[in-house]
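The structure under discussion appears below in the form of structure tokens.
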Amino acid sequence: MGFDLLIQNTLNPPILFFIAGMLSVFLRTDLDIPQPLPKLFSLYLLISIGIHGGYELSKSGITTDVITVLGLAMFLAFLVPIYSFFILRLKLDIYNAVAIAATYGSISAVTFVTAGAFLESLNIKFGGYMVAAMTLMESPAIIIGLIILNLFANNKNNNSEKTSWKEILREAVFNPSVYLLMVSLFIGYITAEKGWKAMEPLFWTLFKGMLAFFLLDMGIIAAKRIGEIKKVGMFLVGFGIFMPIFNAMLAIFLGYIFNVQKGDTFMLSVLAASASYIAVPAAMRLSVPEANPSLYITMALAITFPFNITFGLPLYYFIVNLIWG
Amino acid sequence: MGFDLLIQNTLNPPILFFIAGMLSVFLRTDLDIPQPLPKLFSLYLLISIGIHGGYELSKSGITTDVITVLGLAMFLAFLVPIYSFFILRLKLDIYNAVAIAATYGSISAVTFVTAGAFLESLNIKFGGYMVAAMTLMESPAIIIGLIILNLFANNKNNNSEKTSWKEILREAVFNPSVYLLMVSLFIGYITAEKGWKAMEPLFWTLFKGMLAFFLLDMGIIAAKRIGEIKKVGMFLVGFGIFMPIFNAMLAIFLGYIFNVQKGDTFMLSVLAASASYIAVPAAMRLSVPEANPSLYITMALAITFPFNITFGLPLYYFIVNLIWG
Amino acid sequence: MGFDLLIQNTLNPPILFFIAGMLSVFLRTDLDIPQPLPKLFSLYLLISIGIHGGYELSKSGITTDVITVLGLAMFLAFLVPIYSFFILRLKLDIYNAVAIAATYGSISAVTFVTAGAFLESLNIKFGGYMVAAMTLMESPAIIIGLIILNLFANNKNNNSEKTSWKEILREAVFNPSVYLLMVSLFIGYITAEKGWKAMEPLFWTLFKGMLAFFLLDMGIIAAKRIGEIKKVGMFLVGFGIFMPIFNAMLAIFLGYIFNVQKGDTFMLSVLAASASYIAVPAAMRLSVPEANPSLYITMALAITFPFNITFGLPLYYFIVNLIWG
Amino acid sequence: MEARKKIEVVIDSYHLGKVTEVFEKNGISGYTIIKDVIGKGERGLMSADELTDAFKNSYIFTVCNEEKALKILEQLRPILKKYGGVCLLSDVMWLIH
Amino acid sequence: MEARKKIEVVIDSYHLGKVTEVFEKNGISGYTIIKDVIGKGERGLMSADELTDAFKNSYIFTVCNEEKALKILEQLRPILKKYGGVCLLSDVMWLIH
Amino acid sequence: MEARKKIEVVIDSYHLGKVTEVFEKNGISGYTIIKDVIGKGERGLMSADELTDAFKNSYIFTVCNEEKALKILEQLRPILKKYGGVCLLSDVMWLIH
Ligand SMILES: Nc1ncnc2c1ncn2[C@@H]1O[C@H](COP(=O)(O)O)[C@@H](O)[C@H]1O
Ligand SMILES: Nc1ncnc2c1ncn2[C@@H]1O[C@H](COP(=O)(O)O)[C@@H](O)[C@H]1O
Ligand SMILES: Nc1ncnc2c1ncn2[C@@H]1O[C@H](COP(=O)(O)O)[C@@H](O)[C@H]1O
Ligand code: NA
Ligand code: NA
Ligand code: NA
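Protein chains in written order, with my numbering: chain A, 1 to 325; chain B, 326 to 650; chain C, 651 to 975; chain D, 976 to 1072; chain E, 1073 to 1169; chain F, 1170 to 1266.
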């Protein structure tokens, strides 16, 4: 019956299009979705989940449950990158350890929405405030990463670092995706029912189709990087699969303790398990140029993302389901 | 209660996204919507309002009211750039005066559709022929501008001018936006009910969402130019705010005299108040290279457009409402 | 009453937008739809017809009728390029003859969907498996073309050819459009009702509108090439119009013999009549660099495509209608 | 390899046509264009992200023999004077094939 | 600063791979590509606005030492002969960092 | 025509700003940028098709007199050392208009 879930998940058009995208690269069909179309899709997805979450929030209101979940989200966002760093340090230099830890401490919006579609296909609800949780979880890992860096890296070029600190914090908190999520969430919240009526046709009715389109592209992008997995090495490949599972379990455990609802716990576990391949890499490129991008990008995009949306989701749900029944 | 209108207008998602776009520039989030996505949105909007206007027209038919409104629209399109020119001449050289006068004599389609959304939120109708009016009002200002230029500019390089005249007229009447509006209007008109059924899902149901998306980008573009307002100087900043108000009042006055309906008068006032930042600048660049683009573009885009969609609309409506009740 | 059909067809927004696109070039309005927007539209259309066809197929199942139609499609795809080649050889060198023969042996997806919209406006059904037929018909012409080339061309640079053979076959069978059609068809088929529900809003409800948008662009692209028709010469212009008609008649004849349904026969005739301006030119450019692209592209895009969607569709339907009544 | 001259021009996309015209008139064998380049110069920033195409530059270069090049430059001067832009001349070796 | 040679090639995007292959084979340290450039030459106009990618040019350049450059040029000649395009060689100074 | 120096830089789009800063500081008259160019170098492939902008290069060039050029190069060296990229210097003739 875990197997049923696997099928259940795989037979959604979005997942199938993701697989089709990967396959197209292996078959060398030259199928490509040129920029800025992927940019269009990601802007669309961010606005959609923002507005939708805000709308849901305007209906549910901000309850103590909401506060609990947001608190847990924050807690995970600060904790995950810390222990990830020390695990990574076993094999890597400080710079790469920091960059990868930050990558896994943050989240992937596409994984989140794919999980949402998966829950919907099982007719299970989750709170709109989970979008707020996601937004909260995007930036902390970057800040933690940079703090760690300043603690452990013997910073010779100290002052040049200093100068950019403020810059980097801004970059962390106001990177495009965090910002767009925040404003959409806010707009969805205050325009509530009235605004939703106007936005729903574009930003919700078409959502699944756009997701399928986007995942087709994600499949292509991910597969193009698969070649680099060799260079990544077994240790990091393992990290890219087992760290997410562990993070998800931790989230589920916390959800259980603070008795969070089933759907919310699942989404929280997905957030904990997902790794960032947009916001964090951009920030790391800027602030930790010494780290090798083809490590952290490849891991997040070509290992963890595909694993999560194909095997991860059913697995995490299976466990949530065992406990919440 | 004028204040209510202000809120009423601001709480529409499109306006909020416009503000979000501006804010993102001030917060330096690097959020950007790369070309040709803005192009996609503007093509979409032009086709949408064209088809929709044509469809409405196919239902209402061409009545004497329609003729009156179109007549007034034409009249304004010819009159506004003339007095604008003389006002601008008080402070500017001929070339810049001509370019800015033409900019304010023409119209902004996005302002028009935002006004339409605003009216809809107040459940007030306006005729589909207003789109025809808008189309008619786009080009005359360009022609007037060039006539003025030839009258007042001591044209030394006379013959080189001559050669391009024909070219410029074509440019004025068949610029992309005018053309696209005309054909869409025509197609919407002749395919009527049947065509509308086929086009409505893309070109109308999604309209508000696309507008919000587009205004997010408009906000970014406008805010990027705000820096240049200093260079523009107080006189032109004042012109960019009070000229539109005056033009709107004039349109309302005419609408009152020729007893045009409430909704139509409001839309007419918005057209009179709006300034062109696409068609006219393109034409001016070509035909009045001596004029400084960062003056007329900045005024239309960074001063008049934001003013109109935030404060202008409620203001003009407030006055229309006082008279028509 | 053949004339009625002509009007009937022309009064569809998509066709009108195609005409508007061409007109805009003749009027030199500078209206353009920059890349990658056309790419977005073509990706969208391929996925849409793929999913829709697969969904229809999942309802109808794979009957003997289906097998018959697919068989005929294959037969045409292999036959057409062969006789086309020998006709073309009367006036052209081997390389250009091969390239043009392959172009006309293959199909045009946009012509197919335009024909589908036309049928719909006449309330006549056709099987979803016609999409499978189209997919099957895209590649064979390329392979035939290359076989002919190897038979007739005195291949000096033999071994360099050899090396690329495998490459070229892959290119023929797994070119982007064939691949995208196949996977979409497959996804539509296996996710059936459930998947359709999720994909329909984007990939079907908006279809006609997107087609209109795309045809506007097609009109622009086609018109830009019209200038090159002179260079093409009377013989090829004639070929570009009469060959499609002949191919359509052949398809109708076969449809009649194997008593295929009315709608399916019409679509089959359209496929036979249409020429490829995407997949095949790309393949020819790679494998027959000696051929002149401005011949085969111009013919497919500026002669045959416009002819088919304006006069061809009503004509072919008229004849099908005479026979099936 | 043969010695040739390379002419590079950056001008707003609107007036690019005037440059290609000059090239064609002088019968050059071909040219290459890169559209929508960003630029900064006397006429301010050409950010290429405006809604209107009037604020995009294009970069174009052609390779031809010296005498042709000099003729072309003379004909380009008035255009650049009127509409701004830059025009550069440099030495290149052309691979004959 | 060190003296180097700059090799510039314009070729249709489809056959760009053949050029990079030659570069890689000769172990150059890197290259830069500008995709979808517009061009006009013997093979007519490459407007880059077709539906098929087969009518787009790409511009690529690499910087390397003279001897490598000459080797590369020899290997590029047949490619350009078959698929058209241009190839230019010029002198540059490379900023060592 | 006057003799000038052309400075070309390829660097990831993220750090392009640091280069223009140097240009502005030295009061050059203008520059031209081509965004989103693809490249290969020590830091691997910059395919410009990632979801993040951090893997795009930009190409920028400016033309100025020799003395300015040399000043600029010195200030660019540390930037290129830290973030990678290439910087080239060559001779051009500038068409005065
Ligand atoms: N010194 C320069 N170096 C490189 N490009 C320049 C230079 N000056 C101007 N340009 C380019 O030429 C365009 C027009 O220049 P201008 O007419 O001076 O505004 C600018 O937008 C730049 O793209
Ligand atoms: N003389 C030239 N100067 C600059 N670019 C050229 C020249 N000739 C050809 N090209 C470029 O090379 C491409 C292929 O040239 P061809 O093979 O002659 O068609 C053209 O599309 C242009 O982009
Ligand atoms: N030898 C070269 N020739 C041309 N471009 C180069 C060369 N080496 C590096 N580049 C460009 O500079 C960028 C950064 O180089 P690197 O810092 O070595 O990775 C690369 O992505 C290329 O676009
Ligand atoms: Na995470
Ligand atoms: Na106006
Ligand atoms: Na055919």
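All C-beta atoms in this analysis are idealised placements derived from N, C-alpha and C, irrespective of residue type, glycine included. Everything numeric in this text was worked out from a predicted model, so none of it was measured.
Inset, instruction - Please find out if some non-hydrogen atom of ligand 1 comes closer than 6 Å to the beta-carbon of Gly1196/F. - result: Against the sixth sequence, residue 1196/F aligns to sequence position 27. With a cutoff of 6 Å, Gly1196/F does not count as near ligand 1, since its C-beta is closer than that to no heavy atom of the ligand.
Inset, instruction - Have a look at Leu169/A and Ile143/A and give me their C-alpha separation to the nearest angstrom. - result: On the first sequence, position 169 is the one that residue 169/A refers to. On the first sequence, position 143 is the one that residue 143/A refers to. Taking the straight line from one Cα to the other gives about 7 Å.
Inset, instruction - Name the two residues that bound the continuous beta strand (DSSP E) containing Glu983/D. - result: As a first step, residue 983/D is located in the fourth sequence; it is residue number 8 there, counting from the start. Counting along the chain, the unbroken beta strand (DSSP E) around Glu983/D starts and ends at 977 to 987.
Inset, instruction - Can you check the segment 1091 to 1117 of chain E for any beta strand (DSSP E) of at least 3 residues that lies completely inside it and give the ranges in chain order? - result: With a minimum length of 3 residues, the continuous beta strand (DSSP E) runs that stay inside the segment 1091 to 1117 of chain E are 1103 to 1113.
Legend entry - Closer than 6 Å: Ser464/B CB and nearest ligand 5 heavy atom: Taking the first residue of the second sequence as position 1, residue 464/B is located at position 139. The answer is no for Ser464/B.
Inset, instruction - Consider the Cβ of Ala282/A: report whether some Cβ of chain F lies at a distance smaller than 7 Å. - result: Working through the first sequence from its first residue, we reach residue 282/A at position 282. Yes, Ala282/A counts as interfacial toward chain F.
Inset, instruction - Could you please tell me which residues of the segment 1005 to 1022 of chain D, in chain order, have their CB closer than 7 Å to any CB of chain E? - result: Along the segment 1005 to 1022 of chain D, the positions whose C-beta sits under 7 Å from a C-beta of chain E are Gly1005, Tyr1006, Thr1007, Ile1008, Ile1009, Lys1010, read in chain order.
Legend entry - Reduced DSSP category for Ile757/C - H, G, I as helix; E, B as strand; rest coil: Taking the third sequence and counting its residues from 1, the one referred to as residue 757/C is at position 107. If DSSP states are grouped into helix, strand and coil, Ile757/C belongs with coil.
Legend entry - For Tyr642/B, the residue or residues it bridges with in DSSP: Within the second sequence, numbered from 1, the residue matching residue 642/B stands at position 317. Residue pairing of Tyr642/B in beta bridges, as defined by DSSP: absent, with no partner found.
Inset, instruction - Check whether the Cβ of Ser599/B lies closer than 6 Å to any heavy atom of ligand 5, and answer yes or no. - result: Here residue 599/B is taken as the residue at index 274 of the second sequence, counted from 1. It does: the Cβ of Ser599/B is within 6 Å (strictly closer) of some heavy atom of ligand 5.
Inset, instruction - Leaving out five residues on either side along the sequence, give the residues of the same chain with a beta carbon under 8 Å from the beta carbon of Ile375/A. - result: Since the first and last residues shown for chain A are 1 and 325, residue 375/A lies out of range.
Inset, instruction - Tell me where the beta strand (DSSP E) around Ser1162/E begins and ends. - result: In the fifth sequence, the residue the question calls residue 1162/E occupies position 90. Counting along the chain, the beta strand (DSSP E) containing Ser1162/E begins and ends at 1158 to 1166.
Legend entry - 3 or more residues per run - each beta strand (DSSP E) lying fully within the segment 247 to 293 of chain A: Listed in chain order, nothing qualifies, since the segment 247 to 293 of chain A has no complete beta strand (DSSP E) run of 3 or more residues.
Legend entry - Near ligand 1: Glu1017/D beta-carbon under 6 Å from a heavy atom: On the fourth sequence, residue 1017/D is found 42 positions in, with the first residue counted as 1. Glu1017/D Cβ: within cutoff of ligand 1.
Legend entry - Alpha carbon of Phe762/C to alpha carbon of Asp32/A, nearest angstrom: Sequence index remark: in the third sequence, residue 762/C carries index 112 (1-based). Sequence index remark: in the first sequence, residue 32/A carries index 32 (1-based). Computed Cα separation, rounded: 23 Å.
Inset, instruction - Less than 8 Å between the CB atoms is what I'm expecting for Met22/A and Gly219/A, so what's the real figure, rounded? - result: As a working mapping, residue 22/A is identified with position 22 in the first sequence. As a working mapping, residue 219/A is identified with position 219 in the first sequence. Cβ atoms of Met22/A and Gly219/A come within 8 Å of each other, at about 4 Å.
Inset, instruction - In the DSSP assignment, find the unbroken alpha helix (DSSP H) run with Thr1221/F in it and report its ends. - result: Counting from one through the sixth sequence, the residue named residue 1221/F turns up at place 52. For Thr1221/F, there is no enclosing alpha helix (DSSP H), as DSSP marks it with neither H nor E.
Inset, instruction - For Leu444/B, I'd like the list of residues in its chain whose CB is within less than 7 Å of its CB, leaving aside the five on either flank, ordered along the chain. - result: Sequence index remark: in the second sequence, residue 444/B carries index 119 (1-based). Result list for Leu444/B: Phe451, Gly588, Phe591, in chain order.
Inset, instruction - Please confirm if Tyr1183/F has its CB atom under 7 Å from at least one CB of chain A. - result: By one-based count along the sixth sequence, residue 1183/F stands at place 14. Residue contact check for Tyr1183/F against chain A: a CB pair falls below 7 Å.
Legend entry - Interface residues of the segment 1241 to 1257 of chain F facing chain A [CB-CB below 9 Å]: Within the segment 1241 to 1257 of chain F, the residues whose Cβ lies closer than 9 Å to some Cβ of chain A are Lys1251, Tyr1252, Gly1253, listed in chain order.
Legend entry - Minimum Cβ-Cβ distance from Asp715/C to chain B less than 7 Å: The count along the third sequence starts at 1 and reaches residue 715/C at position 65. Judged by the 7 Å Cβ criterion, Asp715/C is not in contact with chain B.
Inset, instruction - Quick one: residues in its chain with C-beta nearer than 7 Å to the C-beta of Lys59/A, no 5 flanking neighbours on either side, listed in chain order? - result: Translated into the one-based positions of the first sequence, residue 59/A becomes position 59. Around Lys59/A: no qualifying Cβ.
Legend entry - Meets three-Cβ-pair contact criterion under 8 Å: the segment 298 to 315 of chain A and the segment 221 to 230 of chain A: Yes, since at least three Cβ pairs between the segment 298 to 315 of chain A and the segment 221 to 230 of chain A fall closer than 8 Å, the two stretches touch.
Inset, instruction - Excluding the 5 residues preceding and the 5 following Ala442/B in the sequence, name in chain order all residues of the same chain whose CB lies nearer than 7 Å to its CB. - result: Within the second sequence, residue 442/B is the residue found at index 117, counting from 1. Shown here for Ala442/B: same chain residues with a beta carbon closer than 7 Å to its own, the five before and five after excluded, namely Asn337, Pro339, Lys533, Leu536 in chain order.
Legend entry - Alpha-carbon spacing of Ile100/A relative to Met1073/E, whole angstroms: For the purposes of this step, residue 100/A is taken as residue 100 along the first sequence, with counting starting at 1. For the purposes of this step, residue 1073/E is taken as residue 1 along the fifth sequence, with counting starting at 1. Straight-line Cα distance between these residues: approximately 37 Å.
Legend entry - Asn808/C at chain B interface by Cβ criterion, 7 Å: To locate residue 808/C, count along the third sequence from 1; it is residue 158. Summary for Asn808/C: the model assigns pLDDT 48, below 50, so the residue's position carries little reliability; its value from the coordinates is reported in the next sentence. For Asn808/C, no CB of chain B lies under 7 Å from its own CB, so it is not counted at the interface with that chain.
Inset, instruction - Can you tell me which of the three DSSP states Thr354/B falls into? - result: By 1-based counting over the second sequence, the position of residue 354/B is 29. Collapsing the DSSP output to three states places Thr354/B in coil.
Inset, instruction - State the Cα-Cα distance for the pair Ile717/C and Ala782/C, rounded to the nearest angstrom. - result: By 1-based counting over the third sequence, the position of residue 717/C is 67. By 1-based counting over the third sequence, the position of residue 782/C is 132. Their Cα atoms are separated by approximately 10 Å.
Inset, instruction - List in chain order: all unbroken alpha helix (DSSP H) runs of 4+ residues lying wholly within the segment 715 to 787 of chain C. - result: Runs of the alpha helix (DSSP H) inside the segment 715 to 787 of chain C: 744 to 755, 759 to 771.
Inset, instruction - Would you verify that the beta carbon of Val985/D is, or is not, closer than 7 Å to some beta carbon of chain F? - result: Sequence index remark: in the fourth sequence, residue 985/D carries index 10 (1-based). Yes, Val985/D lies at the interface with chain F (some Cβ there is under 7 Å from its Cβ).
Legend entry - Contacts that Lys1097/E makes with chain F (C-beta to C-beta distance below 9 Å): Residue 1097/E sits at position 25 when you count from the first residue of the fifth sequence. Within chain F, no residue comes near Lys1097/E; the closest Cβ sits about 14 Å away, beyond 9 Å.
Legend entry - 6 Å Cβ shell around Asn483/B - same chain, five flanking residues per side excluded: Start at 1 with the first residue of the second sequence, and residue 483/B comes out as number 158. Residue placement at Asn483/B cannot be trusted, given a pLDDT of 48 that sits under 50; what the coordinates show is reported in the next sentence. None.
Inset, instruction - Note the first and the last residue of the continuous alpha helix (DSSP H) segment covering Ser1130/E. - result: Locating residue 1130/E in the fifth sequence gives position 58, counting from the first residue. That residue, Ser1130/E, is in no alpha helix (DSSP H); its beta strand (DSSP E) goes 1129 to 1136.
Inset, instruction - Measure the Cβ-Cβ separation of Val80/A and Asn247/A and say whether it is below 7 Å. - result: Here residue 80/A corresponds to residue number 80 of the first sequence, with the count starting at 1. Here residue 247/A corresponds to residue number 247 of the first sequence, with the count starting at 1. Yes.
Legend entry - the segment 519 to 552 of chain B: positions lying closer than 7 Å to chain C by Cβ: For chain C, the residues of the segment 519 to 552 of chain B that bring a beta carbon within less than 7 Å of one of its beta carbons are Gly520, Ala523, Met524, Pro526, Leu527, Phe528, in chain order.
Inset, instruction - Could you please tell me which residues of the segment 266 to 291 of chain A, in chain order, have their CB closer than 7 Å to any CB of chain F? - result: Residues of the segment 266 to 291 of chain A with a Cβ closer than 7 Å to any Cβ of chain F, in chain order: Tyr277, Ile278, Pro281, Ala282, Arg285, Leu286, Pro289.
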